[in-house]
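The structure appears right after this line, and notes come after that.
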Amino acid sequence: EGQHFAHFLLAFSDQQSTNRAIFNGLVIEGAHIRVCKFIPEPIQCLHCQHFDHFACECKATAPTCACCAKPHTTVSCMAAKGIFSGHCCANCGLTGHGAVARACSIFAQ
């Protein structure tokens, strides 16, 4: 009760069925369901904030904050706590967003 959204993964046996479901959607329990291709989230290191590796594999010696890109942990950052709005991306170097923002051009790659 009260749930408005749900996600689940389906596997189809052939490309034609897959494309038909994406184009037409599916009807489940009388409800028309929109279908889209699953695009997995990129792997992002929570130590250096870069992509394609995990923190346990990171070669960086100091942590990089996901909010302001300075050399401290994200959990200790004043920007993360909302005390100031100095967000800076550790990946693209631009201000206005942190390293986990989907709007970042590096995230989109």
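Here the sequence shown is numbered in the numbering used here, starting from 2 and rising by one per residue. Ideal placement from N, C-alpha and C gives every residue a C-beta, glycine not left out. Just so it is clear, the structure is predicted and the values come from calculations on it, not from any experiment.
- For the pair residue 21 and residue 39, the Cα-to-Cα distance works out to about 15 angstroms.
- Every alpha helix (DSSP H) stretch that sits fully inside the segment 51-110 and reaches 4 residues is listed by chain position as 106-109.
- Nearest Cα to residue 32 within the set 61, 71 and 7: 7.
- Here residue 46 is not near residue 23, since their CB atoms are 8 angstroms or more apart.
- Three or more beta-carbon pairs drawn from the segment 66-74 and the segment 86-94 are found closer than 8 angstroms, and the two stretches are therefore classed as touching.
- Ranked by how close their Cα comes to the Cα of residue 43, the residues 35, 53 and 49 have 53 in first place.
- Closest option to residue 13, judged by alpha-carbon separation, among 5, 4, 27 and 3: 27.
- Annotated three-state conformation of residue 17 is helix, per DSSP.
- A Cβ-Cβ separation of about 6 angstroms places residue 64 in contact with residue 73 under the 8 angstroms criterion.
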